[in-house]
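All remarks here apply to the structure that follows.
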Amino acid sequence: MIDAALETDLRLLNLQVESWKKLHNLMTCGLDKAKPLISVEQERQFTEVRGVLLQESEYVLRELNLAEELAGKTSNVLERATSIRGVRELSNDDTRRLESDWNAVFTKLGVMQGQLKARRKELLSRSVLGESLSRIFARHPARR
Amino acid sequence: METRLLILNSDPVFQDTALAIFDVIPSVELRIVRSLNEGIYVLMREVFDLLVVEGEPAVAIEQATNARQHFPSLDILCLISSRPRNLLVAEADLQKVSLIETNVPPAQLQRRLRKVVADFEVKSGTSAEGIDPCHSLVGNLNQFSAAEVLQMSCLGQRSGRFTFKSGRGTSEIYLHHGIIRHAVYGSLDGEAAVSEIFRWREGRFYFEEGIISQIQTVNRPWNHLLIENLQKLDETLGPISNFSHS
Chain A
1 MIDAALETDL RLLNLQVESW KKLHNLMTCG LDKAKPLISV EQERQFTEVR GVLLQESEYV
61 LRELNLAEEL AGKTSNVLER ATSIRGVREL SNDDTRRLES DWNAVFTKLG VMQGQLKARR
121 KELLSRSVLG ESLSRIFARH PARR
Chain B
1001 METRLLILNS DPVFQDTALA IFDVIPSVEL RIVRSLNEGI YVLMREVFDL LVVEGEPAVA
1061 IEQATNARQH FPSLDILCLI SSRPRNLLVA EADLQKVSLI ETNVPPAQLQ RRLRKVVADF
1121 EVKSGTSAEG IDPCHSLVGN LNQFSAAEVL QMSCLGQRSG RFTFKSGRGT SEIYLHHGII
1181 RHAVYGSLDG EAAVSEIFRW REGRFYFEEG IISQIQTVNR PWNHLLIENL QKLDETLGPI
1241 SNFSHS
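Line by line, the protein sequences are chains A and B. Note that the first sequence covers residues 1 to 144 in my numbering. Note that the second sequence covers residues 1001 to 1246 in my numbering.
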């Protein structure tokens, strides 16, 4: 069976993970000392991805019940990384903090993505009737 | 067999009515992109059965029209938030783009979208290809310049039409037995159009074998045009590179 709520959560999570990956790719460009030039196009892409994350993160994390755990780290990353050039000009300590916060968010999202995919796989092997019955019994445990 | 849908939606988190319906249709695999550029990039690398463009009628139909230029045989569906003007409907019709309005009751929208997917299941095995079979050569201008591809085609005595597409617009160069016969870019034609195309460093090109122009606007041999335009390019780039090194 297909659980609509689970599918929605998974879609939101996939979109969020994709945006975090794109942000990381562009942050890495800023930190790569071997590539001194940052193009206008790269900065445009960075602003685009950052704008998407600023707009969507709070809502998505709330929907996934991750807001309490990740909201602080998410806003730290988005506030510190203002542009690719900005990332390049961060001090070593700030860069380390930025990477650590990004990693914390990405790790948690990745773990949750795996859990939801496992749940989806499990549900696909179940029938609608079986799932409804298991929900009913879970809600009303046997009385003694 | 799964039906693969590529969804172009600039705001998939907040505008997700249709996405929520596609989510629960069995045997559908979704890939969501937020911009047309990203969509074209993905379509060039992967095979999808249907491109679904979601948004305001004018924007969605314009994006679908642009996608059609790149992929002439791809099935394209526009999910539009309101009834479009007749002009837009005509444009969609011309580009063989199907339209479905999303401002209808959810059950009705669900029925329509399920039908779209079901139709694809019926004709499984006839997936739309990313690159149209009528294109005998397809590539990116940031990997091969216009000069390089034209040089290769002229030496090979090819006859057909090159179409170049970039952010600046679309241009065409017609070859006849390895000789440039006609070129057009916006209001420019002939050698002026060729010169313009030479400067493009980003965009896509494709070549369709056997399409011949009846008009002749270019009269000089290819190698003369090549030398002249490369000289012009050097003169343009020279001062810029001096400036950037100073």
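Cβ coordinates follow ideal geometry from the N, Cα and C atoms, glycine included.
Closest Cα partner of residue i within the set the options
i: Ile1076(B); options: Glu1062(B), Leu1050(B), Val1059(B), Ile1061(B); result: Leu1050(B)
i: Ile1021(B); options: Arg1114(B), Ile1080(B), Arg1034(B); result: Arg1114(B)
i: Phe1071(B); options: Lys1096(B), Ser1082(B), Val1024(B), Ser1081(B); result: Lys1096(B)
i: Glu1191(B); options: Lys1232(B), Glu1054(B), Asn1037(B); result: Lys1232(B)
i: Arg1204(B); options: Ile1040(B), Arg1085(B), Arg1158(B); result: Ile1040(B)
i: Ser1073(B); options: Ala1058(B), Val1047(B), Arg1168(B); result: Val1047(B)
i: Glu1029(B); options: Asn1037(B), Thr1163(B), Ala1092(B), Glu1002(B); result: Glu1002(B)
i: Ile1080(B); options: Glu1091(B), Asp1093(B), Pro1057(B); result: Pro1057(B)
i: Glu1148(B); options: Val1024(B), Asn1223(B), Arg1168(B); result: Asn1223(B)
i: Ser1136(B); options: Arg1161(B), Arg1112(B), Ser1010(B); result: Arg1161(B)
i: Asn1198(B); options: Glu1101(B), Asn1009(B), Leu1226(B), Glu1208(B); result: For the sequence presented, residue 1198(B) should be read as Phe rather than Asn. When only C-alpha atoms are compared, the closest one is Leu1226(B).
i: Ser1213(B); options: Tyr1185(B), Gly1186(B), Leu1175(B); result: Leu1175(B)
i: Val1052(B); options: Leu1006(B), Val1024(B), Asn1140(B); result: Leu1006(B)
i: Val1104(B); options: Ala1146(B), Ala1018(B), Glu1196(B), Arg1045(B); result: Ala1018(B)
i: Val1042(B); options: Leu1008(B), Val1024(B), Glu1054(B); result: Leu1008(B)
Extent of the continuous beta strand (DSSP E) to which residue i belongs
i: His1176(B); result: 1169-1176
i: Gly1039(B); result: Unbroken run through Gly1039(B) is the alpha helix (DSSP H), 1036-1045; no beta strand (DSSP E).
i: Leu1005(B); result: 1003-1009
i: Glu1209(B); result: 1204-1209
i: Leu1150(B); result: Element bounds for Leu1150(B): not the beta strand (DSSP E) but the alpha helix (DSSP H), 1146-1155.
i: Gly1160(B); result: 1160-1166
i: Leu1137(B); result: 1137-1140
i: Ile38(A); result: It is not in any beta strand (DSSP E) - Ile38(A) carries neither H nor E in the DSSP assignment.
Inter-residue Cα distance where the pair is residue i and residue j
i: Arg1220(B); j: Leu1088(B); result: 41 Å
i: Leu10(A); j: Glu1172(B); result: 44 Å
i: Val17(A); j: Glu56(A); result: 12 Å
i: Ala81(A); j: Val87(A); result: 6 Å
i: Gln42(A); j: Gly1178(B); result: 39 Å
i: Pro1012(B); j: Ser1027(B); result: 21 Å
i: Arg1201(B); j: Ser125(A); result: 51 Å
i: Ile1215(B); j: Asn1229(B); result: 22 Å
i: Ala71(A); j: Arg97(A); result: 15 Å
i: Arg1004(B); j: Arg1031(B); result: 8 Å
i: Val1117(B); j: Leu1109(B); result: 12 Å
i: Val1138(B); j: Arg1083(B); result: 36 Å
i: Cys1078(B); j: Asn1086(B); result: 15 Å
i: Arg1112(B); j: Lys22(A); result: 34 Å
i: Ile1240(B); j: Ile38(A); result: No answer about Ile1240(B) holds up, because its pLDDT of 43 lies below 50 and its placement is not dependable.
i: Glu1209(B); j: Asp1016(B); result: 42 Å
i: Ala1193(B); j: His24(A); result: 41 Å
Contact test: residue i Cβ vs the ligand FAD heavy atom, cutoff 7 Å
i: Asp1075(B); result: This structure lacks the ligand FAD; in fact it carries no ligand of any kind.
Limits of the unbroken alpha helix (DSSP H) element including residue i
i: Lys22(A); result: 4-31
i: Ile1197(B); result: 1191-1198
i: Thr1017(B); result: 1017-1023
Which runs of the alpha helix (DSSP H) at least 4 residues long sit entirely within the segment 49-106 of chain A? Give them in chain order. As summarised for the segment 49-106 of chain A, the continuous alpha helix (DSSP H) elements at least 4 residues long and confined to that stretch are 67-80, 84-88, given in chain order.
- [ ] Identify every run of the beta strand (DSSP E) within the segment 1047-1125 of chain B, keeping only runs that are complete inside it and at least 3 residues long; order them along the chain.
- [x] If we require 3 residues or more, the beta strand (DSSP E) runs fully inside the segment 1047-1125 of chain B come out as 1050-1055, 1075-1080, 1097-1101.
Between the segment 1056-1066 of chain B and the segment 1147-1162 of chain B, can you find at least three pairs of beta-carbon atoms closer than 8 Å? no
Per the contact definition of three or more C-beta pairs closer than 8 Å, is the segment 59-70 of chain A in contact with the segment 101-117 of chain A?
-> They touch, by the three-pair rule.
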